[in-house]
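K.L.:
Going down the list, the sequences are from chains C and X.
Per the numbering used here, numbering of the first sequence is gapless, rising by one per residue and ending at 350.
Per the numbering used here, numbering of the second sequence is gapless, rising by one per residue and ending at 1360.
All residues carry an ideal CB built from backbone N, CA and C; glycine is no exception.
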Amino acid sequence: MGVASRFILRRRGGKSWHWTDIVTWVWLVGGLIIMFGPAVWLAFSSFKTPAALAEFPPSILPYVTSQATVQGYDKPLQLFEAKMPDGSTKVLAEVRRIGLVAQMVDPTTPGEIVRVNIGDRTPVRSVSFATENYTTPFTQFDFLRYLWNSVFVTVTATLITLIVNSMAAFALSKYEFRGRSLAMLIILATLMVPLSVIMVPLYSIISSLGLFNNLWGVILPTVATPTGVFILRQYMLTIPDELIDAARMDKASEWQIYWRIVLPLTAPALAVLAIFSVVWRWNDFLWPLIVLSRRELYTLQVGLSIYSGELNVQWHFILAMTVVTMIPVVLVFIFLQRFITTGIAGTGLK
Amino acid sequence: MGEITLTKIKKSFGAVDVLKDIDLDIKDGEFIVFVGPSGCGKSTLLRTIAGLEKVTGGEIEIDGKRVNEVSAADRGLAMVFQSYALYPHMSVRQNLAFGLENSSMPKAEVAERITEAARMLEIEAYLERRPGQLSGGQRQRVAIGRAIVRRPTAFLLDEPLSNLDAELRVSTRAELAALHARLGSTMIYVTHDQVEAMTLAHRIVVMRAGKIEQVGTPLDLYNTPANRFVAGFIGAPHMNFLAGEVADLETGTATLATAGGHRLLVPFSGHSLSVGEKLTIGIRPQHITLANDPGSLKVKVRLVEALGSETVIHADLNGEKLLAVVPGQKLISPGDETYLSVAGAPLHLFDRNGLRVKGS
Chain C
1 MGVASRFILR RRGGKSWHWT DIVTWVWLVG GLIIMFGPAV WLAFSSFKTP AALAEFPPSI
61 LPYVTSQATV QGYDKPLQLF EAKMPDGSTK VLAEVRRIGL VAQMVDPTTP GEIVRVNIGD
121 RTPVRSVSFA TENYTTPFTQ FDFLRYLWNS VFVTVTATLI TLIVNSMAAF ALSKYEFRGR
181 SLAMLIILAT LMVPLSVIMV PLYSIISSLG LFNNLWGVIL PTVATPTGVF ILRQYMLTIP
241 DELIDAARMD KASEWQIYWR IVLPLTAPAL AVLAIFSVVW RWNDFLWPLI VLSRRELYTL
301 QVGLSIYSGE LNVQWHFILA MTVVTMIPVV LVFIFLQRFI TTGIAGTGLK
Chain X
1001 MGEITLTKIK KSFGAVDVLK DIDLDIKDGE FIVFVGPSGC GKSTLLRTIA GLEKVTGGEI
1061 EIDGKRVNEV SAADRGLAMV FQSYALYPHM SVRQNLAFGL ENSSMPKAEV AERITEAARM
1121 LEIEAYLERR PGQLSGGQRQ RVAIGRAIVR RPTAFLLDEP LSNLDAELRV STRAELAALH
1181 ARLGSTMIYV THDQVEAMTL AHRIVVMRAG KIEQVGTPLD LYNTPANRFV AGFIGAPHMN
1241 FLAGEVADLE TGTATLATAG GHRLLVPFSG HSLSVGEKLT IGIRPQHITL ANDPGSLKVK
1301 VRLVEALGSE TVIHADLNGE KLLAVVPGQK LISPGDETYL SVAGAPLHLF DRNGLRVKGS
């Protein structure tokens, strides 16, 4: 047995099972299913045809019912495995269904209609991935455009967020001035104001600045975040003041102190904020929806909404594109999870 | 040149006065040590000289020029911090170069100065390392190197040895003294360790509660402390203080009575004492000897610290503590009664206000 399996199978009760072992297993397996189940379902369902999505009971894997073109019928017919009265099973194509009885036909002898009770037939299905769910949005819709818009908004907003917030945090942590605590308090107090409250005034500001229908109108209102200022300030407070004194003795200007001393040392907190910022901007829906009304400016999240029309929701496209929009966030989490855990531990945010 | 003159320096943080009317002349090339207990304002005084703190009142002059309004960067001083304050994200070379680059010095000269300082401090081998990869002693050298490359008019050192272990502290102390002899620049050194002060300083400035208590050479302070505080602060172990009273005055000699009826004769050549005056008598532990003479001080031994070359005796003299350091190894154990003699010991007399009695 390898080290890994020995580690996994280790029990508190030694040879026998202690009750905590059982609780731990139930907890972990249950947690895995609860957390991971929807994601797995989403990933598999994104490969289903609209028909398979509407199927009841739903399945995890994307199945497609086999079809056959039978002579004398215009459309391809679905194939079923039917139990014949004599006990044998036969693959038949369904012509139509009337109540509890299906009219079926043997593809080899198309002329002869066989009546089968619907309880006696099961569809012939095979796993099949409907990749057109992915290809169609990219070829027929402007999905690449949306992707680019989202990337632009996310990257630009994150960079500006990091710079603006770190400058504010630097001033609030390293300069003594009257009203410093009050300024910090006011910044933190804005955390309590939800977007829906400031939406209308914000809209009129953006509109009067001529940023309506402009990606900058999405980027600029989000760059100054109280959370960011708070995270960075708390981190900068831990940078010893002696370093800054030393830099002053070393003839560094205040900008150099910020740019060459404080900012590099704040890197871990900046990484945390960058992750948060990327996730926030990437998943932002409401504000881009308000500011952007031209289709070529849509971000991914807004772009996704065009598949849900008033009468018809194209679930297969929504699911597929949701998977696509999740990929960057998942990558961020996979590669930067070390910073995220320290960030959550340090700030209590998630 | 590195002459620094402080005139009536005041510094308050809000309602708290940290420095009260500090007057001090520091000569060029002098090694001066500020010493005092924690919170006495010695570090604040150093930071005001550096320009990191603004004075509330008074005047700072460097080489005759008033620098109150000059920023820290332009005073031409270099500082070594207690925590070394090395930039953790930069290599040793970058740490040394940072200050020079900021004054837009040509690259060739920067490199030359770094090489020179590195050779002087023997840190050439780890110029490319980060401070985190260095030991405490190595970091200390880099911190000093960062000051040296600047070629400052004066060095300010804020407890630079306090983060080193005891052994390294002794060797670094010697190196610092050698460095000062070699560079010949003014150095202002802050410490709370009086041994460092005694060994390094040309002159020691003893501070307490924002005021200068005494300025003088190490031996001046040791031999003629101006007041009880300085007497107790300089010298290890601390000076013994006994309560006493003037019993008799003759020309050239004063007779003092201590608790328990002992009489001590002190050479005295002034007129400031009067019979019956209450005094504090200071005796350094090193000046007390063991005696068999019943006429000496009879004490009860509380604790014996045998250090091999000498023995420290903690004794009790009629309820007053008395510490004696006697050479060699003695067969004394706690609980014993013994006699201690102060015959021939220089006695320091302090009046009711703790000031040294003139003429003693």
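1. Please report the residue range of the beta strand (DSSP E) in which E81(C) lies.
2. Do S1185(X) and G1002(X) have their C-beta atoms within less than 8 Å of each other?
3. Give the secondary structure of K1330(X) by DSSP, where H, G and I count as helix, E and B as strand, and everything else as coil.
4. Kindly identify the DSSP beta-bridge partner or partners of H1348(X).
5. Please confirm if N1102(X) has its CB atom under 8 Å from at least one CB of chain C.
6. Would you mind telling me which residues of chain C sit closer than 7 Å to G1099(X), beta carbon to beta carbon, in chain order?
7. Checking 8 Å against the spacing of the C-beta atoms, do Y146(C) and T299(C) come in under that value?
8. If you follow the alpha helix (DSSP H) that H1180(X) is in, where does it begin and where does it stop?
9. Can you tell me the Cα-Cα spacing of G111(C) and Q71(C), whole angstroms?
10. In its own chain, which residues sit with a C-beta less than 8 Å from the C-beta of L1077(X), not counting the 5 before and 5 after it?
11. Closest Cβ-Cβ distance between L1006(X) and chain C: below 8 Å?
12. So, is R178(C) buried or exposed, given that buried needs 16 or more other C-beta atoms within 10 angstroms?
13. For E242(C) and chain X, any beta-carbon pair shorter than 8 Å?
14. Tell me which same chain residues have a C-beta within less than 7 Å of the C-beta of L263(C), skipping the five on either side of it?
15. With C-beta atoms as the reference, is L172(C) less than 8 Å away from A157(C)?
16. At 4 residues or longer, what runs of the alpha helix (DSSP H) sit wholly inside the region 1003-1066 of chain X?
17. Please return the same chain residues whose Cβ sits closer than 6 Å to the Cβ of A1291(X), not counting the five positions on each side in sequence.
18. Among residues of its own chain, excluding the 5 on either side of F152(C), which ones have a beta-carbon nearer than 8 Å to its beta-carbon?
19. Would a C-beta distance cut-off of 8 Å place V1092(X) and V1142(X) closer than the cut-off?
20. Could you tell me whether the Cβ atoms of L1322(X) and G1260(X) are closer together than 8 Å?
21. Roughly how many angstroms separate the alpha carbons of G1344(X) and F1034(X), rounded to a whole number?
22. Using a Cβ distance threshold of 8 Å, determine whether the region 312-331 of chain C contacts the region 1171-1189 of chain X, with at least three qualifying pairs required.
23. Less than 8 Å between the C-beta atoms of D1023(X) and K1010(X), yes or no?
24. Taking Cβ to Cβ, would you say R1284(X) is nearer than 8 Å to G1232(X)?
25. Using beta carbons (cut-off 8 Å, strictly below), is F1034(X) in contact with chain C?
26. Does I1144(X) pass the burial test, meaning 16 or more other C-beta atoms within 10 Å, or should it be called exposed?
27. Tell me whether P1267(X) is buried or exposed, calling it buried when 16 or more other Cβ atoms sit within 10 Å of its Cβ.
28. By Cβ distance below 6 Å, which residues in the same chain neighbour R125(C) in space, the five residues on each side in sequence not counted?
29. Which first and last residues belong to the beta strand (DSSP E) in which N1068(X) is found?
30. Measuring only between beta-carbons, confirm whether Y1087(X) sits less than 8 Å from chain C.
31. Per DSSP, what kind of secondary structure is A374(C) in: helix, strand or coil?
P.N.:
So, from the data block:
1. Position 81 of the first sequence, counted from the start, is the residue given in the question as residue 81(C). Per DSSP, E81(C) belongs to the beta strand (DSSP E) from L77 to K83.
2. Walking along the second sequence from the start, residue 1185(X) turns up at place 185. Walking along the second sequence from the start, residue 1002(X) turns up at place 2. Closer than 8 Å, so yes.
3. Counting from one through the second sequence, the residue named residue 1330(X) turns up at place 330. Of the three classes helix, strand and coil, the one that applies to K1330(X) here is coil, per DSSP.
4. The residue labelled residue 1348(X) in the question sits at position 348 within the second sequence. Looking at the DSSP assignment, H1348(X) forms a beta bridge with G1282(X).
5. One-based indexing of the second sequence puts residue 1102(X) at position 102. Interface residue, yes.
6. Position 99 of the second sequence, counted from the start, is the residue given in the question as residue 1099(X). The answer, in chain order, is D250 and K251.
7. Start at 1 with the first residue of the first sequence, and residue 146(C) comes out as number 146. Start at 1 with the first residue of the first sequence, and residue 299(C) comes out as number 299. It is a contact, given that the beta carbons lie within the stated cut-off.
8. Here the question's residue 1180(X) lines up with position 180 in the second sequence. From DSSP, the alpha helix (DSSP H) with H1180(X) extends over A1166 to L1183.
9. Along the first sequence, one-based indexing puts residue 111(C) at 111. Along the first sequence, one-based indexing puts residue 71(C) at 71. Roughly 9 Å between the two C-alpha positions.
10. For the purposes of this step, residue 1077(X) is taken as the residue at position 77 of the second sequence. Counting only Cβ-Cβ distances below 8 Å, and skipping sequence neighbours, we find I1049, A1050, G1051, I1062, P1152, T1153, A1154, F1155 and L1156.
11. Mapped onto the second sequence, residue 1006(X) falls at position 6. No - not a single Cβ of chain C is within 8 Å of the one on L1006(X).
12. On the first sequence, residue 178(C) is found 178 positions in, with the first residue counted as 1. R178(C) is exposed by the Cβ-count criterion.
13. Here the question's residue 242(C) lines up with position 242 in the first sequence. By this cut-off, E242(C) is an interface position.
14. As a first step, residue 263(C) is located in the first sequence; it is residue number 263 there, counting from the start. Answer for L263(C): S166, listed in chain order.
15. Translated into positions along the first sequence, residue 172(C) becomes position 172. Translated into positions along the first sequence, residue 157(C) becomes position 157. The answer is no: Cβ separation not under 8 Å.
16. 1042-1050
17. Here residue 1291(X) is taken as the residue at index 291 of the second sequence, counted from 1. Counting only Cβ-Cβ distances below 6 Å, and skipping sequence neighbours, we find Y1339 and S1341.
18. Here the question's residue 152(C) lines up with position 152 in the first sequence. The residues are L215.
19. Along the second sequence, one-based indexing puts residue 1092(X) at 92. Along the second sequence, one-based indexing puts residue 1142(X) at 142. Yes, these two residues count as a Cβ contact at 8 Å.
20. On the second sequence, residue 1322(X) is found 322 positions in, with the first residue counted as 1. On the second sequence, residue 1260(X) is found 260 positions in, with the first residue counted as 1. For L1322(X) and G1260(X), no; Cβs fall outside 8 Å.
21. For the purposes of this step, residue 1344(X) is taken as residue 344 along the second sequence, with counting starting at 1. For the purposes of this step, residue 1034(X) is taken as residue 34 along the second sequence, with counting starting at 1. Distance between the alpha carbons of G1344(X) and F1034(X): 32 Å.
22. no
23. The residue you call residue 1023(X) lines up with position 23 of the second sequence. The residue you call residue 1010(X) lines up with position 10 of the second sequence. No, the pair does not count as a contact, with Cβ atoms beyond the cut-off.
24. Here residue 1284(X) corresponds to residue number 284 of the second sequence, with the count starting at 1. Here residue 1232(X) corresponds to residue number 232 of the second sequence, with the count starting at 1. The answer is no: Cβ separation not under 8 Å.
25. As a working note, residue 1034(X) is residue 34 in the second sequence. Taking Cβ atoms only, chain C never reaches closer than 8 Å to F1034(X), which makes this a no.
26. As a working note, residue 1144(X) is residue 144 in the second sequence. I1144(X) comes out buried.
27. Your numbering for residue 1267(X) matches position 267 in the second sequence. Classification for P1267(X): exposed.
28. As a working mapping, residue 125(C) is identified with position 125 in the first sequence. Closer than 6 Å at the Cβ level, and outside the excluded window around R125(C), lie Y63 and T65.
29. The residue you call residue 1068(X) lines up with position 68 of the second sequence. That residue, N1068(X), is in no beta strand (DSSP E); it is neither H nor E in DSSP.
30. Indexing the second sequence from 1 puts residue 1087(X) at position 87. It does; some Cβ of chain C falls within 8 Å.
31. This structure cannot speak to residue 374(C), because chain C is shown only from 1 to 350.
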